[in-house]
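To keep things clear, I will list the structure first and then write my remarks on it.
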């Protein structure tokens, strides 16, 4: 009887810690998710920008050797990420597939010109740079024209800027919500112990001595919460990279390390500071106010 | 504070919030003294006790307890005053989330006990004094009211304090246990401690006569 009663007591205490840990975990998870989104915003915008199609159409009658020579030159340009030589035949084949009709047979000849498909580095994929690049490309011998979707470039750049601002704003708001929520949860759990704290004071416990076990528990709770939150984030990352392998590249690992360290730091600090102030509040409160 | 006097109140008024409970209280208690504090409920016995352990502030007059000036005492000094007092609270003030042993250990840890063997020894000593040596591993809620009260007494004794303030320590006890507690407190006072005990139990001071103070009409008056 005694043992079952005691284990019941312990279980009940444990559930109250579990509730706190779950609340903190949820909030940290949301924050971490947003953090990952911010980290990936650049990756995503780079991904979009570097996939802007840029076709260099070659003049009629230029020899293949000259085209390959041009491709080599282009590869050396700092703004070029990749180049791909598309022969007349390949262009015709792809176009036929798109049309679903053998237009070469229909026309009796291939009207398409060879071209070089270009992908730019993200940092050059803005309207100003693209205009300069276009001028330089046209100046190459054998280049007939440069073809790209001008409005698309403008639009992508504007949207990326707007989305970054929105994400930053949401992050800030969420951070404030996170702190308020965790603080509230902790205050409630300390509130439920206010009479215990009062008794400890009455038998001569100093503020420091009374706070110590609560703060230790707060640090442990904050730590566990952040570990669970990080686990959840890794899970999300795992599924996301399955869908979109480009998301993760190796230089990101360091960034993720920093993000996760930040989650642990935030978890412990918010939990610790909230507990500290919540307990101090009840230690300084008059007994009469405890009942209201 | 002169020699043997350990509690000195001079023209102290006791307020509970803005209400004046006791006016112009002057009393002294010296070491080795045992004093009863009597009076009907609501006459301010508990408030006077609370003033002595700095739960209620002293606003007028002078008050000294165990070397602390209660007019000037600062928040962070209060715990150290309370460690010199053994307080038996009317509502026990046990820590409900831990066992009896842990309740006593909390006080011992708070007051700087380190050696766990000495702690266990002292713990068993005080529990034996109040007849609870077998209940150390129980939770407070598993004990009866009388047993909880005796735990509160044991806790007050654990640090061998200079003053024991007992607010109705026999309120929940049967007459035999009450006698045991009172004779225990009297014995303690003979070892150089001061004991102030608030009580309703008039039968007791016939059997264990001692100096008696009475709270009445907002005053504390000595009785002969």
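Chains as they are written, first to last, in the numbering used here: chain A, 1 to 292; chain B, 1001 to 1224. Using N, Cα and C, we set each Cβ at its ideal position, and we do this for glycine too.
Considering only the alpha carbon of each residue, which of the options lies closest to residue i?
i	options	result
residue 1086 of chain B	B/1162, B/1117, B/1078, B/1129	B/1162
residue 290 of chain A	A/191, A/270, A/225, A/214	A/191
residue 225 of chain A	A/202, A/270, A/201	A/270
residue 181 of chain A	A/206, A/123, A/26, A/168	A/26
residue 1216 of chain B	B/1045, B/1140, B/1026, B/1018	B/1045
residue 193 of chain A	A/159, A/283, A/261, A/222	A/283
residue 197 of chain A	B/1038, B/1103, B/1025	B/1103
residue 1091 of chain B	B/1181, B/1179, B/1135, B/1166	B/1166
residue 1180 of chain B	B/1060, B/1204, B/1196, B/1160	B/1204
residue 76 of chain A	A/138, A/120, A/36	A/120
residue 1155 of chain B	B/1202, B/1094, B/1064	B/1094
residue 33 of chain A	A/286, A/263, A/17, A/123	A/263
residue 1195 of chain B	B/1025, B/1026, B/1019, B/1037	B/1037
residue 1209 of chain B	B/1185, B/1220, B/1221, B/1218	B/1185
residue 168 of chain A	A/19, A/42, A/21, A/22	A/42
residue 123 of chain A	A/158, A/154, A/49, A/66	A/49
residue 110 of chain A	A/90, A/98, A/128	A/90
residue 200 of chain A	B/1097, B/1041, B/1164, B/1173	B/1097
residue 166 of chain A	A/37, A/17, A/277, A/21	A/37
residue 158 of chain A	A/125, A/22, A/188	A/125
residue 257 of chain A	A/35, A/134, A/287	A/35
residue 212 of chain A	A/272, A/20, A/22, A/107	A/272
residue 21 of chain A	A/96, A/94, A/189	A/189
residue 1220 of chain B	B/1051, B/1153, B/1039	B/1039
residue 1159 of chain B	A/66, A/281, A/266, A/203	A/203
Measure the beta-carbon distance from residue i to residue j and round it to whole angstroms, keeping in mind my assumption that it falls under 8 Å.
i	j	result
residue 145 of chain A	residue 53 of chain A	With a Cβ gap of about 14 Å, residue 145 of chain A and residue 53 of chain A do not count as contacting.
residue 1123 of chain B	residue 1105 of chain B	7 Å
residue 1146 of chain B	residue 1177 of chain B	6 Å
residue 175 of chain A	residue 31 of chain A	7 Å
residue 275 of chain A	residue 24 of chain A	Residue 275 of chain A to residue 24 of chain A, Cβ: 11 Å. No contact.
residue 222 of chain A	residue 268 of chain A	4 Å
residue 1199 of chain B	residue 1139 of chain B	That pair is no contact at about 28 Å.
residue 1010 of chain B	residue 1061 of chain B	5 Å
residue 1047 of chain B	residue 1073 of chain B	That pair is no contact at about 17 Å.
residue 1007 of chain B	residue 1065 of chain B	5 Å
residue 1110 of chain B	residue 205 of chain A	4 Å
residue 279 of chain A	residue 195 of chain A	Going by Cβ atoms, the distance from residue 279 of chain A to residue 195 of chain A rounds to 13 Å, so no, they are not a contact pair.
residue 229 of chain A	residue 28 of chain A	4 Å
residue 44 of chain A	residue 259 of chain A	Actually they do not touch by this definition, with Cβ atoms about 16 Å apart.
residue 130 of chain A	residue 153 of chain A	6 Å
residue 79 of chain A	residue 133 of chain A	6 Å
residue 1164 of chain B	residue 1211 of chain B	Actually they are not in contact, since the Cβ atoms of residue 1164 of chain B and residue 1211 of chain B sit about 15 Å apart, beyond 8 Å.
From which residue to which residue does the beta strand (DSSP E) around residue i run?
i	result
residue 1159 of chain B	Run containing residue 1159 of chain B: none; DSSP gives neither H nor E here.
residue 1016 of chain B	1005-1016
residue 1086 of chain B	1085-1088
residue 144 of chain A	143-148
residue 1213 of chain B	1211-1216
residue 1064 of chain B	1062-1065
residue 1163 of chain B	1163-1167
residue 271 of chain A	Where residue 271 of chain A is concerned, there is no enclosing beta strand (DSSP E), although the alpha helix (DSSP H) it sits in stretches over 252-284.
residue 1219 of chain B	1219-1223
residue 1028 of chain B	1019-1030
residue 1195 of chain B	1194-1198
residue 1038 of chain B	1034-1038
Starting from residue i, trace the alpha helix (DSSP H) both ways and give me its first and last residue.
i	result
residue 131 of chain A	127-139
residue 288 of chain A	287-290
residue 1176 of chain B	1175-1190
residue 1047 of chain B	1045-1052
residue 122 of chain A	It is not in any alpha helix (DSSP H) - residue 122 of chain A carries neither H nor E in the DSSP assignment.
residue 1144 of chain B	No alpha helix (DSSP H) holds residue 1144 of chain B; DSSP gives it neither H nor E.
residue 1204 of chain B	1202-1207
Tell me whether residue i, by its Cβ, gets closer than 7 Å to a heavy atom of the ligand FMN.
i	result
residue 1191 of chain B	Among the components modelled here there is no ligand, and therefore nothing to report on the ligand FMN.
With a threshold of 8 Å, are at least 3 pairs of Cβ atoms found where one atom belongs to the stretch 1020-1037 of chain B and the other to the stretch 1188-1196 of chain B?
With a cut-off of 8 Å, the stretch 1188-1196 of chain B and the stretch 1020-1037 of chain B count as touching, because enough Cβ pairs lie within range.
Go through the stretch 31-119 of chain A residue by residue and report every complete run of the alpha helix (DSSP H) that reaches 4 residues or more, in order.
Qualifying alpha helix (DSSP H) stretches, in chain order: 64-76, 88-99, 103-107.
Are the stretch 1051-1061 of chain B and the stretch 1001-1019 of chain B in contact at 8 Å, needing three or more beta carbon pairs?
A contact exists between the stretch 1051-1061 of chain B and the stretch 1001-1019 of chain B.
Do the stretch 113-127 of chain A and the stretch 84-103 of chain A meet, that is, are 3 or more Cβ pairs less than 8 Å apart?
The count of Cβ pairs closer than 8 Å, one atom from the stretch 113-127 of chain A and one from the stretch 84-103 of chain A, reaches three, so the stretches are in contact.
Please confirm if the stretch 1068-1087 of chain B is in contact with the stretch 1124-1131 of chain B, defined as three or more CB-CB distances below 8 Å between the two stretches.
Taking a contact to require three or more Cβ pairs closer than 8 Å, the stretch 1068-1087 of chain B and the stretch 1124-1131 of chain B do not qualify as touching.
Quick check: the stretch 56-63 of chain A against the stretch 136-152 of chain A, are at least 3 beta-carbon pairs closer than 8 Å?
Output reads yes: the stretch 56-63 of chain A touches the stretch 136-152 of chain A.
Can you confirm whether the stretch 69-82 of chain A touches the stretch 99-107 of chain A when touching is taken to mean that 3 or more C-beta pairs between the two stretches lie within less than 8 Å?
No, the stretch 99-107 of chain A does not touch the stretch 69-82 of chain A.
Taking only runs that begin and end inside the stretch 1077-1119 of chain B, name each unbroken beta strand (DSSP E) of 3 or more residues, in chain order.
When DSSP assignments are scanned along the stretch 1077-1119 of chain B, the uninterrupted stretches of beta strand (DSSP E) that are 3 or more residues long and fall wholly within it turn out to be 1085-1088.
Which runs of the alpha helix (DSSP H) fall wholly inside the stretch 170-232 of chain A and span at least 4 residues, in chain order?
As far as the stretch 170-232 of chain A is concerned, its whole alpha helix (DSSP H) runs of at least 4 residues are 194-202.
Decide if the stretch 234-243 of chain A is in contact with the stretch 149-169 of chain A; the criterion is three or more beta carbon pairs, one per stretch, under 8 Å apart.
With a cut-off of 8 Å, the stretch 149-169 of chain A and the stretch 234-243 of chain A do not count as touching, because too few Cβ pairs lie within range.
At a CB distance below 8 Å, what residues from the stretch 276-291 of chain A approach chain D? Give them in sequence order.
Protein chains A and B are contained in the structure displayed, whereas chain D is not.
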